[in-house]
Amino acid sequence: MSPQQKALFLLQKQGDFEIGTRSIPSPGAGQLLVKVQSAALNPVDYKIKETGGFITHYPAVLGADIAGIVEEVGEGVENFRKGDRVLAHGNFTNELAAYQQYTLTIASFTAKIPPSVSFDSAATVPLGLDTAVVGLYGEKFGAGITPPWTKSLGELKTPIVVLGGSSSVGSYTIQLARLSGFYPIITTASPSNEDLVRDFGATHFFDRNLSGKQLTAAIREVTDSPIGLVYDAISLPETQAIGWELLAKNGTLVLTLPPSVKEDEGKGRKAFQTMGNPHVPENKELGRNSWAQVEKWLSEGTIQPNNYEILPNGLEGIIGGLERIRLGQVSGTKLVAHPQETQ
Ligand SMILES: NC(=O)c1ccc[n+]([C@@H]2O[C@H](COP(=O)([O-])OP(=O)(O)OC[C@H]3O[C@@H](n4cnc5c(N)ncnc54)[C@H](OP(=O)(O)O)[C@@H]3O)[C@@H](O)[C@H]2O)c1
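Next up, the structure:
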């Protein structure tokens with residue numbers, strides 16, 4: 002029998018999670034086998050359990066955010082070796098998912114972790130960062146801004162509003178907005194997260210508990226320049242309404258969830274849902290290019306990982322962690338599990 006490992010399975014569509022065993026896979030061409038030290042949790046995972054979306058085969062292993070140690074290198078992979086510490090963006094198949102002790106990763110969406118960064122910190126990066134990258138720089142699923150690694154943009158002196166700056170997606174969007182030279186970078190969060198979002202690079206902070214009217218008025222006061230780009234990391238109907246109201250003529254509202262605002266008449270504003278997954282064909286080239294920056298961004302501190310909290314009981318801890326995310330009980334933090342500690 003091939004070597005076995007523990008994994009957290011979603012047993013069936015809209016079913017329960019349960020720990021089980023599955024074979025440790027072998028890497029194919031362009032892939033790595035990674036021993037998962039840290040796996041970060043994302044809202045999409047409780048949504049998959051609730052709605053049955055994204056997944057076609059059950060029992061399913063979920064999880065997009067992977068940090069661990071390279072165990073085996075597939076054919077054609079030249080830039081990684083056994084023993085490397087890496088982070089990677091998983092995908093919606095059992096072979097490429099985070100909530101297990103060993104997973105395959107696609108080498109082009111994998112990066113080395115600099116010595117100064119822990120596995121736990123690194124695990125907070127992939128999905129949040131990729132969703133920010135695609136939303137800002139994607140042609141199909143983004144605002145189509147020139148990525149900062151292709152040419153220096155200098156100071157754009159263009160405003161950006163990031164609604165939900167303390168969320169994982171929001172925090173990476175603020176950091177990339179700074180890298181791209183946007184100014185001012187205006188964000189919303191709870192007052193307890195003001196210092197956090199300012200550390201990421203927000204220049205103006207507003208309490209997300211203000212009414213939509215108050216927030217819109219306060220944000221408008223910040224700048225005389227037209228607001229051409231709003232990234233709504235939260236994308237609830239109430240935040241979308243604020244973003245839409247703030248947008249100048251021909252502006253872009255990037256959303257993480259489906260639009261609830263109505264297409265424009267006359268003003269040319271657009272609103273669309275981004276897609277932070279680098280594995281889809283439309284994002285592959287952008288993903289390869291941005292993943293080539295990740296080790297440098299982390300070692301230079303250009304991108305700071307999210308704060309994190311370690312969950313107890315290895316993979317089992319993910320079940321309660323996802324429930325806390327569902328209930329909105331996680332603020333400015335990513336929950337991280339240690340699959341190797343599974344009983
Ligand atoms: N389309 C895609 O490809 C894609 C990819 C990734 C995520 N998503 C979706 O994007 C959303 C965010 O994901 P995430 O992982 O970044 O979430 P997260 O980190 O778990 O979000 C938690 C944060 O949301 C903030 N928040 C909640 N309601 C808010 C509001 N009304 N205004 C401002 N901030 C608010 C909270 O801020 P405070 O604690 O400061 O109040 C908290 O820090 C989720 O719905 C997720 O499913 C979509």
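Going by my numbering, the letters in the sequence shown line up with residues 2 to 344, in that order.
Ideal placement from N, C-alpha and C gives every residue a C-beta, glycine not left out.
Presumed contact (8 angstroms Cβ cut-off) between residue i and residue j, rounded CB distance
{"i": "THR104", "j": "PRO306", "result": "Contact flag wrong, Cβ pair sits at about 20 angstroms."}
{"i": "THR204", "j": "PRO192", "result": "The Cβ separation is near 17 angstroms, so there is no contact."}
{"i": "VAL35", "j": "VAL74", "result": "Not really, about 10 angstroms apart at Cβ, beyond 8 angstroms."}
{"i": "PHE201", "j": "GLY166", "result": "7 angstroms"}
{"i": "GLN38", "j": "PHE120", "result": "4 angstroms"}
{"i": "PHE207", "j": "LEU216", "result": "6 angstroms"}
{"i": "ALA338", "j": "LEU323", "result": "Wrong, their Cβ atoms sit about 10 angstroms apart, outside the cutoff."}
{"i": "HIS280", "j": "ASN92", "result": "5 angstroms"}
{"i": "SER300", "j": "PRO115", "result": "4 angstroms"}
{"i": "SER168", "j": "ALA234", "result": "5 angstroms"}
{"i": "GLN5", "j": "SER24", "result": "6 angstroms"}
{"i": "GLU72", "j": "LYS83", "result": "6 angstroms"}
{"i": "LEU287", "j": "TYR138", "result": "6 angstroms"}
{"i": "HIS90", "j": "ASP46", "result": "With a Cβ gap of about 14 angstroms, HIS90 and ASP46 do not count as contacting."}
Opening and closing residue of the alpha helix (DSSP H) in which residue i lies
{"i": "VAL281", "result": "Segment: none, VAL281 is in no alpha helix (DSSP H) and carries neither H nor E."}
{"i": "ILE49", "result": "44 to 52"}
{"i": "LEU312", "result": "That residue, LEU312, is in no alpha helix (DSSP H); it is neither H nor E in DSSP."}
{"i": "LEU299", "result": "285 to 301"}
{"i": "ILE220", "result": "213 to 223"}
{"i": "ILE243", "result": "238 to 247"}
{"i": "VAL170", "result": "169 to 180"}
{"i": "PHE120", "result": "120 to 124"}
Boundaries of the beta strand (DSSP E) in which residue i is found, first to last residue
{"i": "LYS152", "result": "LYS152 -> no beta strand (DSSP E), and no H or E assigned at all."}
{"i": "ASP66", "result": "66 to 74"}
{"i": "GLN344", "result": "Element bounds for GLN344: n/a, residue is neither H nor E."}
{"i": "VAL134", "result": "Where VAL134 is concerned, there is no enclosing beta strand (DSSP E), although the alpha helix (DSSP H) it sits in stretches over 127 to 138."}
{"i": "LEU230", "result": "230 to 233"}
{"i": "PHE273", "result": "271 to 274"}
{"i": "VAL78", "result": "Where VAL78 is concerned, there is no enclosing beta strand (DSSP E), given that its DSSP letter is neither H nor E."}
Sheet register partners of residue i (DSSP bridge)
{"i": "PHE18", "result": "LEU11"}
{"i": "ALA112", "result": "LEU88"}
{"i": "LEU328", "result": "Answer is none; LEU328 lacks a bridge partner."}
{"i": "THR104", "result": "VAL35"}
{"i": "ILE187", "result": "VAL162 and HIS205"}
{"i": "VAL255", "result": "TYR232 and PHE273"}
{"i": "LYS335", "result": "TYR309"}
{"i": "GLN6", "result": "ARG23"}
{"i": "ALA41", "result": "ASP66 and VAL337"}
{"i": "ALA61", "result": "LEU11"}
Contact with chain C by residue i, beta-carbon distance below 7 angstroms
{"i": "LEU197", "result": "Here there is only one protein chain, and chain C is not present."}
When the Cβ atoms of the segment 245 to 253 are set against those of the segment 219 to 230, are three or more pairs found closer than 8 angstroms? Here the segment 245 to 253 makes contact with the segment 219 to 230; the two share three or more CB pairs at distances below 8 angstroms.
Closer than 8 angstroms is the cut-off here; do at least three beta carbon pairs connect the segment 45 to 63 with the segment 14 to 21? Contact between the segment 45 to 63 and the segment 14 to 21 is present, because at least three Cβ pairs lie under 8 angstroms.
Is the segment 141 to 151 touching the segment 269 to 288 in the sense that three or more CB pairs, one from each, lie closer than 8 angstroms? yes
Decide if the segment 2 to 10 is in contact with the segment 42 to 56; the criterion is three or more beta carbon pairs, one per stretch, under 8 angstroms apart. Contact between the segment 2 to 10 and the segment 42 to 56 is not established, with fewer than three Cβ pairs separated by less than 8 angstroms.
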